[in-house]
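Written out below as structure tokens is the structure these notes cover.
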Amino acid sequence: MHVNKELDARGLNCPLPILKAKKALADMTSGQVLRVISTDAGSVRDFQAFAKQTGNELVEQQTVGADHISVLKRR
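Note that full-length UniProt numbering numbers the sequence shown so that position 23 is 23, with each residue one more than the last.
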């Protein structure tokens, strides 16, 4: 999958990863893909709820070591 933008939110706690992702998605066009890397374990649930509320598609989530990776597709 082609990622158009990557956001490093490591070290940031809720709600900052979501707020930064929201801002990044606002600058993207429909269908573009954003990958967010966070160390906040709560971001996994947060991005699931964020996707439902905003209509953006949560394409993938995975945890690699301390990193929680969420991939969102802009609606």
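Ideal Cβ positions, reconstructed from N, Cα and C, are used throughout, including at glycine.
| Asked | Found |
| --- | --- |
| Can you check whether the CB of L72 is closer than 7 Å to the CB of L16? | no |
| With a 10 Å radius around its C-beta and 16 neighbouring C-beta atoms as the bar for buried, classify S30 as buried or exposed. | exposed |
| Exposed or buried, V64, counting other C-beta atoms within 10 Å across all chains shown (16 or more means buried)? | exposed |
| Flag this pair as yes or no: are the beta carbons of K20 and A9 separated by less than 7 Å? | yes |
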